[in-house]
Every structure is written in structure tokens, then in C-alpha cells.
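Worksheet: the structure to be examined is printed underneath.
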Amino acid sequence: MTKASDIDDKEILLVVENSCIERGIWSNTTIVAEKYSEFPFKVVAAKLSKLLRRGLLTGCDCGCRGDWELTKQGREFAGIQVEWRDNPAEWFIEQGLVGPIRD
Ligand SMILES: [Zn+2]
Numbered sequence: 182m183t184k185a186s187d188i189d190d191k192e193i194l195l196v197v198e199n200s201c202i203e204r205g206i207w208s209n210t211t212i213v214a215e216k217y218s219e220f221p222f223k224v225v226a227a228k229l230s231k232l233l234r235r236g237l238l239t240g241c242d243c244g245c246r247g248d249w250e251l252t253k254q255g256r257e258f259a260g261i262q263v264e265w266r267d268n269p270a271e272w273f274i275e276q277g278l279v280g281p282i283r284d
């Protein structure tokens, strides 16, 4: 059985980051899961949820599409030097507004 801890933190953060850059907007659980075809979908979803709770990602882990994007802290953790944009969801969180941010 594969577990969320079998997925490397830095590696999946880079998958999310690259997917965001490609799309020009936040990523989705489905897109990230496609890159981890050897893992069940729910394991990839659980991994993203854990990274959300550690403050490394913004997004939503309710089972919707996710809208994942790295936080400043997440980019630092993954060793990303250049931010492709300021994560707009972080601004909302800093204002004390909670819940998923929609485009
Ligand atoms: Zn949701």
C-alpha cells in the first residue's frame, strides 16, 4: 500500500508549481494526480491536504478541484528562487478571510 508519506514533499510542490506556471493559474488535484499515476488518487489528495495544513500550499481539500498554489513558505521550502506571481490566495488569508478563493 502506498501512503502520502511515500510522495516527496519537495517533488510534489514542484509539480504543483510547474503546473501553475503552465496554466497561468492555480493547479487542480486531478492534474497533480496525473503525474503520480502509480499512486491512488486519494493518496495524492491526502498529500496535498497535508501540505495545505503545513502552510506550504493554498487551496481546498474538501474534495473539489483544489485550486492549489504554493505559498511563499512553500516556494522557500521547495527551493524556488523566483516567484512566478504573488499567490493571490495568500492575500485573502492574511486579511483573515477564509475558504477557497475562486477565479
Ligand atoms: Zn473544496
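The working numbering numbers the first residue of the sequence shown as 182 and each following residue consecutively. Heads up, the beta-carbon is just placed ideally off N, CA and C, and yes, glycines get one too. As the structure is a computational prediction, the values presented were derived from the model and not from experiment.
Assignment of W249 by DSSP, reduced to helix, strand and coil, places it in the strand class.
Rounded to the nearest whole angstrom, the C-alpha separation of K223 and Q276 is 31 Å.
Counting the other CB atoms within 10 Å of its CB gives W249 a total of 16 or more, which places it among the buried residues. Nearest Cα to M182 within the set P221, C201, I206: P221. Listed as beta-bridge partners of S208 by DSSP are W249.
The DSSP-derived three-state label of L278 is coil.
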